[in-house]
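Working notes, beginning with the structure itself.
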Amino acid sequence: MWSLPIPFPFRSLEEKLHVDSAVITLGRIAFMGTERISHAAMSNLLALLAISAVHKAAAVRKQGTTSSEHWDGVSAASYAKGKDHLEQSLRRESHNVPPPKYKEQLMALSAMLSFAILSDCQEQARAYLLDSERLLRLRGLTKRVFSRKARLLHHIYTWNRILGESTFVLRDYSKDPSLTARSAEASHARSNPFRSNPDIHLDDFLQLDVSSNNPELKNHRDHDGILNNVHIEESRGDSQPMYRELYGVSETWLSLVSQTTRLANFVDKLKASKGPQDPGMMDALENAKLRLEERIWKLVALHDPPPPLGPHGPNLEGSEEHPRAYMVHALNLGLVIFFYRRIRESNPRLLQPYVSSIVQALKDFAASCKALHLEGPGSPWPAFMAGCEAIAPQDRDYLHRWMDEALTLTGFLRFRTIKQCMEEIYRFNGLFGILTGIMGCNPGREFGLVANYLTAHSGVVGT
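Numbering-wise (this note's numbering), the sequence shown opens with residue 9 and increments by one.
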């Protein structure tokens, strides 16, 4: 039913968290009716039913025996009702005394966000992200101690936010406040950490702290870092294994994606500003690029490329680590491509070896999953990064087929949108003879909204 970047042979923590809550809600409905069930709990249940119905519709279409119209209708109706319950919870229940459970509301937002992402409801997905951040700021970050369940939900939100922002690359910075205004706003926010901010923008979460001394993303470990960064710092002691349990990848990788996005956004905003650039800031900016580049290559060096499958390849019997190794390799190389295109603006021709290596890693990942009877398709993030930069026809063809197969397997429309974005890049390149890659799909058309299709929920576990 659920989706993960790397498939597990058992129910993931994320799936278990939401499904267990939905089962409890069903039990309460059976014994007590719906009157005493919170709107948030109902929203979580209905969102999971909507996702499951999408899977069922895809399975029916794949069999080709009956129409999927019934299950498509179930999915749409469940999502509409879930959306209504979520609105009731956020607008009305939140004013009750006592208010609804924080974890129930955040879980409902997470489930509804998942459906919106997977079904390519872009505007609604962005709205759920904003609502999640607002809930975190108003109710989550005021807490001094988080339960494990709350930390899991915080990590799920962080993953969705960072992976989403990493692909939102087209912005109109002329509509943004000046760098000086942004700096003043950030300073005011630090002096009022618990204030309600009705004007939270999606990009605020991954903006650099603007400083003439060090424009690089700061790794705050202090109290202010906890309060002003929704990427929860409070639980760093166990965040590495928690991310590994949730998604099969390390927090280090996620942090580097976040740092690359922040730095790239800051560079883009500097370029959009018309005034003269401070030489000291530009030197510090270049140093920040060098330091981030070194961190990325250190991470890549920690993971030796797994041996390719074949007659002399690894013995896969009974080992779930092999699929993970291939996908982690693809994710790491995707990060390399992401850095050199967003930060260094390298010519895509220089990145073709990484594109081909990602294609091979995805092939080996699929073969190892099949050998271990695990369902894919895995994360589309490295496939998208490679697909946007691919030049060789065989690489493009494989990545197109990868998206088609993912759509057939899952029924999630966002795979179709990702493929359309890649094709738009190819058309633009062919029309103007320019290799644009992930830096932009079509002038005047914000294909950067591919953000919402490339978050954590990218594979399939179970049906």
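All C-beta atoms, glycine included, are put in the ideal place defined by N, C-alpha and C.
* Asked: For the ligand FAD, any of its heavy atoms closer than 7 angstroms to the Cβ of residue 356?
  -> As for the ligand FAD, it is missing from this structure, which has no ligand bound.
* For residue 51 versus residue 97, is the C-beta distance shorter than 8 angstroms? -> yes
* Confirm, please, whether the CB-CB distance from residue 90 to residue 120 is below 8 angstroms. => yes
* Asked: Count the other CB atoms within 10 Å of the CB of residue 23; is the residue buried (16 or more) or exposed (fewer)?
  -> buried
* Note down, in chain order, each residue of its chain lying with its Cβ closer than 7 angstroms to the Cβ of residue 348, except the 5 sequence neighbours on either side. => 354, 359
* To do: Could you spell out the range, first to last residue, of the alpha helix (DSSP H) harbouring residue 287?
  => 287-310
* **residue 152, DSSP secondary structure in three states** => coil
* Asked: For the alpha helix (DSSP H) that contains residue 36, what are its first and last residues?
  -> 21-40
* Asked: Going by the beta-carbon positions, is the gap between residue 331 and residue 365 smaller than 8 angstroms?
  -> no
* Asked: residue 175: which of 416, 386, 39, 342 sits nearest, CA to CA?
  -> 342
* Given 8 angstroms as the limit, is there contact between the stretch 294-306 and the stretch 263-283, that is, 3 or more CB pairs closer than that? -> yes
* Asked: Rounded C-beta distance between residue 357 and residue 399? I'm assuming under 8 angstroms.
  -> 7 angstroms
* Can you tell which of 75, 79, 38, 160 has its C-alpha closest to the C-alpha of residue 57? -> 79
* Thinking C-beta only, is residue 143 closer than 8 angstroms to residue 171? -> no
* **Cβ pair residue 385, residue 410 closer than 8 angstroms** => yes
* Find out if the Cβ-Cβ distance for the pair residue 284, residue 372 is shorter than 8 angstroms. => no
* Asked: Hey, would you say residue 417 sits closer than 8 angstroms to residue 66, going by beta carbons?
  -> yes
* To do: Could I get the ranges of all uninterrupted alpha helix (DSSP H) runs contained in the stretch 96-166, with 4 residues as the minimum, in chain order?
  => 110-126, 130-143
* State buried or exposed for residue 83, treating a residue as buried only when at least 16 other CB atoms are found within 10 Å of its CB. => buried
* Asked: Near residue 297, what residues of its chain come up, given a Cβ to Cβ distance below 8 angstroms and the 5 sequence neighbours on each side ignored?
  -> 271, 351, 352
* In angstroms with no decimal places, state the Cα-to-Cα distance between residue 28 and residue 163. => 18 angstroms
* Asked: Which value, in whole angstroms, describes the spacing of the CA atoms of residue 308 and residue 340?
  -> 6 angstroms
* At a cut of 8 angstroms, does the stretch 127-137 reach the stretch 150-158 through at least three beta carbon pairs? -> no
* Same chain, Cβ closer than 7 angstroms to residue 151, five either side skipped, listed in chain order -> none
* For residue 86, which residues of its own chain have a beta-carbon under 8 angstroms away from its beta-carbon, when the five flanking residues on both sides are left out? -> 54, 55, 57, 58, 61
* 6 angstroms CB neighbourhood of residue 38 in its chain, flanking five on each side removed -> none
* **C-alpha distance - residue 238 paired with residue 146, whole-angstrom precision** => Note that residue 238 has pLDDT 43, beneath the 50 cutoff, so the model's placement of it is unreliable and the number below is only indicative. One C-alpha to the other measures close to 11 angstroms.
* To do: With DSSP as the reference, label residue 409 as helix, strand or coil.
  => helix
* Cβ-Cβ separation, residue 290 to residue 345 (assumed contact under 8 angstroms), whole Å -> No, residue 345 and residue 290 are not in contact; Cβ-Cβ is about 25 angstroms, not under 8 angstroms.
* To do: Determine, using beta carbons only, whether residue 47 and residue 94 come nearer to each other than 8 angstroms.
  => yes
* Asked: Using the C-alpha atoms, what's the distance from residue 173 back to residue 278?
  -> 18 angstroms
* Asked: Alpha carbon to alpha carbon, what distance is there between residue 369 and residue 434?
  -> 23 angstroms
* If you count every other CB in all the chains shown that lies within 10 Å of the CB of residue 105, and 16 or more means buried, which is it? -> exposed
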